[in-house]
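Numbering (the working numbering), first residue to last: 2 to 121. Some notes on the structure that comes next.
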């Protein structure tokens, strides 16, 4: 895996969703890098960029106070505990930094990315 700084620069260059402040996006990507190393996730650059776009859209939603419709609890049965825990870990860092509430829908949507990477 390339270095975190190098990878994050490549990802941020590929992210198409604009964000006002790149710091939260960088924070989320740094936390994701830690999780990816720990879980040995197979993330190609295109998957990283997809995550970056996901994070940018999420940041914009949360800062605007927008919420996604809730995900049915049964949907969580389709993802592993490891993917859900990794998602919650990454999103907690963002929540703590900006004091924004992260709901179960956001945790689930990110966990889907992690679950896909675990399956590869």
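By construction, the Cβ of each residue, glycine as well, lies at the ideal position given by its N, Cα and C atoms.
Excluding the 5 residues flanking it on each side, residue 89 has same chain C-beta neighbours closer than 6 Å at 108, in chain order.
Here the C-alpha atom of residue 22 lies approximately 18 Å from the C-alpha atom of residue 102. Non-local beta-carbon contacts of residue 54 in its own chain, meaning distances under 7 Å to residues more than five positions away in sequence, involve 16, 17 and 18 in chain order. Inter-residue distance for residue 110 and residue 75 is about 14 Å (C-alpha atoms, whole angstroms). DSSP places residue 23 within a helical segment (H, G or I) once states are collapsed to three. Assignment of residue 66 by DSSP, reduced to helix, strand and coil, places it in the coil class. Under the three-state reduction of DSSP, residue 81 is assigned to coil, being neither helix nor strand. Judged by DSSP in its simplified three-state form, residue 104 adopts coil rather than helix or strand. For residue 106 against residue 69, the beta-carbon gap comes to about 5 Å, under 8 Å, which counts as contact.
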